[in-house]
Amino acid sequence: MASLPSRALPPLVSVLPAARQVFRSEHFTVLVDDRLGIAVTVRSEAPFSHLAQLDDIFDELGDVLDELGRSRYALLADMRAIAGRNDAEFDEAIKRQLPRWLGGFRKVGVLVRSVAGIMQIQRHAKQDGIERMATTDEGELLKHLAQEG
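Under our numbering, the letters of the sequence shown match residues 100 to 248, in that order.
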């Protein structure tokens, strides 16, 4: 019996044809659409091999985002490729990284695959105070991020 193909996710780049890639690592790709004023972090499918590596991964990502000039952009964090984790150890480790990743942007939006993902993002937002929209609807999120104010 043949195995079913994995669910293909719609490529974000097709919606942002003017986006240019400014960074790529095993875990993240960063794209920028200067016309819309949106920076995009696309999380890859690669799992974190151990939680201790999060500091290095997010330091590198944070440096790239700093160089862009965060206040000039809204941030879209595309998390659709990775399966969510909600174990306590991971939650504690990622909470330390969220301000370095999401802080300083005009607006922040997170694109996830499921309602459970939305709920996890909302829980983190309550804890860290960084306002962000979480949704499974790419078009809705892009519209929100492109609006002034």
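Backbone N, C-alpha and C fix where the C-beta goes; we use that ideal spot for every residue, glycine too. Just so you know, these numbers come straight off a predicted model, no measurement behind them.
(request) Please name the residue or residues paired with D177 in a DSSP beta bridge. (result) V141, L210
(message) Looking at the secondary structure, which residues open and close the alpha helix (DSSP H) in which A245 lies?
(response) 237-245
(request) Could you say which of L153, R169, R179, M232 lies nearest to E144 if we only look at CA atoms? (result) R179
(message) According to DSSP, simplified to helix, strand and coil, what is R123?
(response) strand
(message) Taking the alpha-carbon of V209 as reference, which of D190, A138, F157 has the nearest alpha-carbon?
(response) A138
(message) If the criterion is Cβ atoms closer than 9 Å, does the pair V141 and D177 meet it?
(response) yes
(message) In this structure, how does DSSP classify A151 when only helix, strand and coil are distinguished?
(response) helix
(request) Kindly indicate which three-state DSSP category L130 falls into: helix, strand or coil? (result) strand
(request) Check the DSSP bridge columns for A233 and list the partner residues they point to. (result) V209
(message) Please report the distance separating the alpha-carbon of I156 from that of E237.
(response) 25 Å
(message) Please report whether the beta-carbon of V131 lies at a distance below 9 Å from any beta-carbon of chain B.
(response) This model lacks chain B altogether, as it is built from one protein chain only.
(request) Starting from the C-beta of Q221, find all residues in its chain whose C-beta is less than 8 Å away, skip the five residues before and the five after it, and write them out in chain order. (result) A233
(request) Using beta-carbon positions only, say whether L167 and L135 come within less than 9 Å of one another. (result) no
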